[in-house]
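First comes the structure, then the notes that go with it.
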Ligand code: HEC
Ligand code: HEC
Ligand code: HEC
Ligand code: HEC
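Residue numbers (this note's numbering): 292 to 666.
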């Protein structure tokens, strides 16, 4: 009965009938062991049922909004729409409503809009409306992540909620400082390395005490961001070996490449748009890291597939085989639109998995069609 806690063991000894009752309550103390590497190499991840249940309970996943209704016929009525110009009016409005709770938290359009003129990018006093300008870039970024980085985000994908979780400022924002130097890996440094591959000192050999310190700081932050230990991604007998590592390490590497793109091409360039209060001590824009999406979970929101209900954010030609119902599709398939929208909007059960196995193979990632607006 080694799986029982000491309290449970005492109960079992005290009275069998009582123990039979209390066993149910002790069930949560059980652990699951999932093998992530070769047999005999002690590469197991242990999951505590009680812990996991408590963590899942903390995650709030908004119910998907009802499917978009019929859109009025005729051309799109918008005056200043630069990204979401490939979706129907109904789907557009639905996405706006979702963004109001995902990001602003309040359901309030005024967080991003000049209510007197929804098309305007400036306030009534003529000052730029930075929240709207940032949000437009965020729409492009979200499409880029879902469309171009399916090797990382798979069919789970991301929405604004993945990072924002109902508030304007996501977790894990970072700025330049000596304390965050190791996070430059997610910006412009390549190849976190400790073990040198060369004997002679050359320009290629960057192995140093400083580099080692950064690598370990980076690795600890990755572990914390995902709520896992080092063996989730490494065989600890040889940290450097890719061959002996679980597949999660390769997924993580695609995550690094994705973050570099996100930080370099989307977040940092927003610097001139933000008000001074949002910038760091050195005047740089807020940047993201693993925890910004993962928030302590091995998969963001424990794998809930929120984005499949919001085609405006897909950035790919289909999601789980359901085609993107854009405006550019041939007229004779237009009637199929209502059917598949209805199917799309059936409430999503949060997909909760305790193991890293059975990740859908998306090697041949589908890349969006011509009408998918991309930066
Ligand atoms: C998180 C920021 C954000 C929130 C909240 C938000 N919007 Fe928007 N809205 C935008 C952005 C960004 C655009 C421009 C999209 C583009 O360029 O593709 C836009 C464009 C629009 C437009 C098109 C205007 C035009 O003619 O150019 C309408 C209408 C609109 N929003 C309505 C709403 C409504 C109604 C709400 C509240 C339910 C809302 N929005 C909440 C960011 C937001
Ligand atoms: C990969 C994570 C990520 C995703 C996905 C994401 N954002 Fe952001 N967002 C950020 C970061 C990082 C910031 C910078 C925070 C700040 O403003 O200090 C930010 C800032 C913003 C701001 C400015 C908030 C403020 O008050 O300064 C708005 C508005 C915004 N995002 C809207 C959106 C919308 C709309 C979506 C979905 C289309 C979205 N975001 C998706 C990471 C993300
Ligand atoms: C989420 C997956 C993940 C976790 C968790 C993780 N690592 Fe890593 N680790 C990687 C990836 C990916 C690289 C390669 C990074 C690169 O090439 O830029 C790496 C590289 C390394 C290296 C450099 C190896 C070399 O070639 O010199 C060391 C050392 C290392 N990790 C140690 C650790 C330690 C110690 C922990 C636990 C504190 C840890 N890692 C946790 C994914 C992970
Ligand atoms: C833009 C959001 C986002 C960012 C940033 C991000 N991830 Fe992920 N990550 C995801 C999503 C979504 C999944 C779920 C994919 C799936 O369903 O298998 C995921 C899955 C993973 C997995 C696979 C987990 C498993 O059990 O199969 C690993 C490992 C991982 N991420 C590591 C990282 C690391 C390390 C970083 C930072 C370098 C990072 N991620 C940054 C969104 C993100």
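Quick reminder that beta carbons are idealized off the backbone N, C-alpha and C, glycines included.
Fair warning: this is a prediction, and the values are worked out from it, not measured in the lab.
To the nearest angstrom, report how far apart residue i and residue j are at their CA atoms.
i	j	result
residue 516	residue 617	35 Å
residue 544	residue 591	16 Å
residue 601	residue 382	8 Å
residue 452	residue 609	21 Å
residue 557	residue 429	8 Å
residue 583	residue 332	32 Å
residue 410	residue 427	12 Å
residue 316	residue 322	Because residue 316 sits at a pLDDT of 45, beneath the cut-off of 50, its placement in the model cannot be relied upon, and the following sentence gives the value as read from the coordinates. So the alpha carbons of these two residues sit roughly 14 Å apart.
residue 573	residue 567	11 Å
residue 464	residue 359	34 Å
residue 431	residue 599	17 Å
residue 437	residue 491	43 Å
Closest to residue i by CA distance: which of the options is it?
i	options	result
residue 450	587, 499, 473 and 386	386
residue 459	490, 425 and 472	425
residue 361	588, 444 and 380	380
residue 375	433, 351 and 415	433
residue 455	405, 352, 435 and 500	352
residue 471	419, 493, 580 and 392	580
residue 462	578, 408 and 594	578
residue 389	614, 611 and 597	597
residue 422	505, 551 and 569	569
residue 346	593, 335, 614 and 485	593
residue 554	369, 329, 480 and 371	480
residue 505	364, 547, 448 and 476	476
residue 404	607, 416 and 420	420
Am I right that residue i and residue j are in contact with their C-beta atoms under 8 Å? What's the rounded C-beta distance?
i	j	result
residue 575	residue 467	5 Å
residue 539	residue 524	5 Å
Run through the DSSP bridge pairs and tell me what residue i is partnered with.
i	result
residue 335	326
residue 578	465
residue 357	DSSP lists no partner for residue 357.
Residue i by DSSP, collapsed to three states: which one?
i	result
residue 363	coil
residue 413	strand
residue 393	helix
residue 505	helix
residue 372	coil
residue 481	coil
residue 419	strand
residue 627	Any reading at residue 627 is ruled out, since the residue's pLDDT is 36, under 50, leaving its predicted position unreliable.
residue 560	helix
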